Every structure is written in C-alpha cells, then in structure tokens.
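All remarks here apply to the structure that follows.
2 protein chains.
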Amino acid sequence: MNNTKPTLFTSLSPALLHLYDVNNSVVVIIDVLRATSTIATALYNGAKCIIPVDSVSRCIEIGKQIEGITAGERDGKVAEGLVHGNSPFEYPKDFIEGKTLVLTTTNGTRLLQMALDKGAGEIITGSFPNLSAVCDHLAAIKQPVILGCAAWKDRVNMEDMLFAGAVISRIKGHFSINCDSSHLAETIYKKAEKDLFGFMKKNDASHYHRLMGFGLEKDIRYCLEIDTANVLPVYRDGKLVIKEF
Amino acid sequence: MNNTKPTLFTSLSPALLHLYDVNNSVVVIIDVLRATSTIATALYNGAKCIIPVDSVSRCIEIGKQIEGITAGERDGKVAEGLVHGNSPFEYPKDFIEGKTLVLTTTNGTRLLQMALDKGAGEIITGSFPNLSAVCDHLAAIKQPVILGCAAWKDRVNMEDMLFAGAVISRIKGHFSINCDSSHLAETIYKKAEKDLFGFMKKNDASHYHRLMGFGLEKDIRYCLEIDTANVLPVYRDGKLVIKEF
Numbered sequence: 001m002n003n004t005k006p007t008l009f010t011s012l013s014p015a016l017l018h019l020y021d022v023n024n025s026v027v028v029i030i031d032v033l034r035a036t037s038t039i040a041t042a043l044y045n046g047a048k049c050i051i052p053v054d055s056v057s058r059c060i061e062i063g064k065q066i067e068g069i070t071a072g073e074r075d076g077k078v079a080e081g082l083v084h085g086n087s088p089f090e091y092p093k094d095f096i097e098g099k100t101l102v103l104t105t106t107n108g109t110r111l112l113q114m115a116l117d118k119g120a121g122e123i124i125t126g127s128f129p130n131l132s133a134v135c136d137h138l139a140a141i142k143q144p145v146i147l148g149c150a151a152w153k154d155r156v157n158m159e160d161m162l163f164a165g166a167v168i169s170r171i172k173g174h175f176s177i178n179c180d181s182s183h184l185a186e187t188i189y190k191k192a193e194k195d196l197f198g199f200m201k202k203n204d205a206s207h208y209h210r211l212m213g214f215g216l217e218k219d220i221r222y223c224l225e226i227d228t229a230n231v232l233p234v235y236r237d238g239k240l241v242i243k244e245f
Numbered sequence: 246m247n248n249t250k251p252t253l254f255t256s257l258s259p260a261l262l263h264l265y266d267v268n269n270s271v272v273v274i275i276d277v278l279r280a281t282s283t284i285a286t287a288l289y290n291g292a293k294c295i296i297p298v299d300s301v302s303r304c305i306e307i308g309k310q311i312e313g314i315t316a317g318e319r320d321g322k323v324a325e326g327l328v329h330g331n332s333p334f335e336y337p338k339d340f341i342e343g344k345t346l347v348l349t350t351t352n353g354t355r356l357l358q359m360a361l362d363k364g365a366g367e368i369i370t371g372s373f374p375n376l377s378a379v380c381d382h383l384a385a386i387k388q389p390v391i392l393g394c395a396a397w398k399d400r401v402n403m404e405d406m407l408f409a410g411a412v413i414s415r416i417k418g419h420f421s422i423n424c425d426s427s428h429l430a431e432t433i434y435k436k437a438e439k440d441l442f443g444f445m446k447k448n449d450a451s452h453y454h455r456l457m458g459f460g461l462e463k464d465i466r467y468c469l470e471i472d473t474a475n476v477l478p479v480y481r482d483g484k485l486v487i488k489e490f
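Quick note, the sequences are listed as chains A and B, same order. Once you know that position 27 of the first sequence is 27 in our numbering, the rest is easy, because the numbers rise by one and skip nothing. In our numbering, each number is its position in the second sequence, counted from 1, plus 245.
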C-alpha cells in the first residue's frame, strides 16, 4: 500500500530545493536558530501576524507603512536600522499581543521566498517549539511534503536537520520516503533526542558556537525545547498567521 | 593551537561545492557506489591509468583514439555504446593489468570536472576499498581538505556521507573542522561502522535499493569493505594514476 502514501523529502539546504518538486507540495520552512522558533513564539503570544521580508530596507519600508514592529538579524545580530532582533525572548505576550511583526532573517525568509516562487501549495514554518502542531498537520493532510532546512548561507546545519529528523521520526508511517537525507536526519535525531542541547555542544555545531559567542545560551535552549509555543504558522497573502482548524 | 591546523570541509552534494574554497584545496572525490571504488580497484589490479570523462560520446571517442577500454554507467547500468560497466568486479588483474580505462559515470566524473574547473590544488578519489590510503595522505600533507560527495543527481546520499564520516573519524585531530556536515557525517559513521551494509539496508538507502534491484548485492558489499584495494588515485594531466610516495 506504500505507493498510495504521499511522498516526503528533506532539502538540507536552500541550494538543494530545486531538486524537489516544490510545486503543489506542502513546504515546511525550518530555521530552528532562531527565525522559525521566534515566529511560532510571537504568534503563540498573540501577534496579529508576521510579515516575512527578504531585505532590511524592505523591512523598514513596510514597518513604516503599517506601523509594525521591525525586526531581524544579519549574521546573528540585530540588523542595522531595525528595532528588534531575532530572539524569541523579545516577543512576550505583553509586548507583542495584537501587533504585527515585520521580520527579516539571514536564511529563513529567503527560503520562504524561494518556496513561494516555486509554487508551493502551502507554506508552514516549523521548529521544536511547535513540533507537534507541524506533525499533526502533516499527518492529517495527506499531501506531498518537503521539509526545507534554511541552513546557514546554504551550508547544511545540524539543528535544522535535527528538526527534520524529529518530524520524520513521528510521522514517517504516513509517507512514502525515498530520500537518504530524510533517513539520515532521522538517524541523527534518534541519536540526539535525549539531549539536543548536549548533542549540539558535543558535536561542535557551528550555530551553537556562534550564538554562545553572543551570550545566547538561553536562546539555544529555548529553541530546542518541544511544544512550548505549539501553534501552526501558515503563510497566506504575504503574512504568517496561525492556521485555524 | 587549533588555528594552525588546516581546515576540513565536507560538501554533501556537487550542488554545494561552490560554497567551499576549492581553489588550492585537496579535493577528495567520493562516489562509493560505485565509481571511486572501481577506480581504486582497477588501479590496484594494475591498470595503467584511468581517464575520467564526462560524457558517453567522449568516452567512445577517446577509447578509439588510445585503444582504451571504454566503460561507464548511466542510472546504474552500462551506458549504451560502451563495452564495460561500473562494477569493480569487471576489472580483475588478468583483464585490466597494463591497460587504460576510459570511464564515465553519472555523478563521480562530473564532480571531478567541477573540482578541476574551480582550481583544486590536488584531486584524489576515495572509497572504503582505499580508506587508509586516503587518510594517511590527508593526515600527512597539512593542506586544506574538501571531502566532495558525488551524491546522486545532486541529492545527498547515505554511502558518500558515510565515507566522509569514516575519513573524519580517523583524521580529525589533524584538522580544524568548523563544518556541521562533517560533524554530522562522523556521527552517522560512528553509528554505522560496525555493519555498513546492514545500516544501508535498515535505513532504506536509495542506492541500496537501486543496486539490489539490479542484483548487485555483491557490488554493494565489496564497495563497503575497507582497504581491499588500498592505493591512492590522484588526478594528473587528465588521468587518474596511483600516487607514488
């Protein structure tokens, strides 16, 4: 009965996305440290919506037009000209509730734009804080899925592959998976799942070192925690909003 | 003292090679199933040299000019118009000794050409049958290294990542490795090393299924065996020859 199941592929880098049939697939944008963790958190805490944009100048422009909160990072730090950064801790309920966040990030928003340009049927965002929401949705919809890792400047990274593996380990029974990247991701996740932070540290993850260097251990730990902001962000008409079922 | 060590990166797909500083690096071409296993084997069994070419028509043309043995595959089978395929078992000593092999393969020769075009300082080929020769050389030369996986039509594959991990697990002490792909490859290898064939089978490696479908279990098992053809193929003046020390 395997051939009646929809396919699932993992694209480990935006530079590999063109290898997969994005058109009409559900694409999960994965940028664990920290864009998609922050997106889930801001929406969970009541943000009206999040407008992802691909450049700092456009972020500033749109922020002015709609009186939104401009936020984003380049190379892991608050981008020049923007007011807020990419940390989930910047968006507690008493600050973000009812507001619109205009967000630009190094890798995540660029991948989202690519998926959009390639005709993705649906675009959602995933990270450990909303793992269950992502898995429940993918298991239910019975459509082809591409897990799209945002990576780091197109280089494969550990945390996005770990999240892809977490999704696969939970929902693989619903899909036909002929994709070594997916099987590798699952293997890595199974090895790491008991202590994701410890695994990143022990295996010298580049992003672990980059963020630790900025004093952001708290951010890393939060972004690797499961279901702390368990909503499903979906991209509609230029905005990320919580998907209602 | 880490910063005095040369760097090592792993490129998991030819589509990612441009992210690394190929120029003046030693590039290891990795195409475990089966090109680089066959290259090591043919040279170990006494082939004079191997001329890797990127197309079947060029393979036929050069084969005629030099009276070489034309060989190659497309999609895992002997390519139309060529006499031999890509199995290491086609090149025993009593057949190949003293002869020139003109070889074209789906992924391996294309990656070699890319590394050449990008100005690699040295190009060698690696696979489990010549693991120790590759590791001994890389540990000795003290130059930047890129482990280049040939993958499958640019999609990351299990066996090439496993070989990269095997190399890294042996020689990482000689290099500065700030590369998640490398750390992930090593983790995967450590998980698999006791039974590489079993790991490929259990984790549904796409190439495992493709070659098993052609009845080539023997080839898979041979290509995952360590040091059975332990020579170092190096690319010089358009040919792969055994590097003499």
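Ideal placement from N, C-alpha and C gives every residue a C-beta, glycine not left out. All values derive from a computational prediction rather than experimental measurement.
Reducing DSSP to helix, strand and coil, say where residue i ends up.
i	result
A/Asn23	strand
A/Ala150	coil
B/Leu469	coil
B/Val347	strand
A/Thr4	helix
B/Glu438	coil
A/Ala166	helix
B/Ala474	coil
B/Ala430	helix
A/Ala205	coil
Using DSSP's beta-bridge definition, name the partner residues of residue i.
i	result
B/Cys479	Per the sequence shown, the amino acid found at residue 479 of chain B is Val instead of Cys. Answer is B/Ile369 and B/Val486, bridged to B/Val479.
B/Phe254	B/Ile391
B/Ser421	B/Thr252
Count the other CB atoms, across all protein chains shown, that sit within 10 Å of the CB of residue i; report buried if there are 16 or more and exposed otherwise.
i	result
A/Glu159	buried
A/Thr4	exposed
B/Glu431	buried
B/Pro389	buried
A/Asn2	Because A/Asn2 sits at a pLDDT of 48, beneath the cut-off of 50, its placement in the model cannot be relied upon, and the point is left open.
B/Phe373	buried
B/Glu335	buried
A/Thr109	buried
A/Arg155	buried
B/Leu257	buried
A/Ala71	buried
A/Ala140	exposed
A/His137	buried
A/Leu240	buried
A/Ile66	exposed
A/Ser206	buried
A/Leu8	buried
A/Phe245	exposed
B/Gly483	exposed
B/Phe459	exposed
B/Gly371	buried
A/His183	buried
B/His263	exposed
B/Pro478	buried
A/His209	exposed
B/Ser270	buried
Name the two residues that bound the continuous alpha helix (DSSP H) containing residue i.
i	result
B/Leu441	Leu441 to Lys447
A/Val156	Looking at the DSSP string, A/Val156 is not in any alpha helix (DSSP H), and its letter there is neither H nor E.
A/Phe108	Reading off the sequence, residue 108 of chain A comes out as Gly, not Phe. Where A/Gly108 is concerned, the enclosing alpha helix (DSSP H) stretches over Gly108 to Asp117.
A/Ala15	Unbroken run through A/Ala15: none, as it is neither H nor E.
Let's see if you can read the secondary structure: which residues bound the beta strand (DSSP E) around residue i?
i	result
B/Leu461	Careful: B/Leu461 lies outside any beta strand (DSSP E) and carries neither H nor E.
Between residue i and the ligand MG, is the CB less than 6 Å from at least one heavy atom?
i	result
B/Tyr453	Inclusion of the ligand MG in the displayed structure is not the case, the ligand content being empty and no account of it being possible.
Handout entry: Residue ranges of each alpha helix (DSSP H) within the region 17–96 of chain A, 4 or longer
Key = 35–44, 56–66 and 93–96
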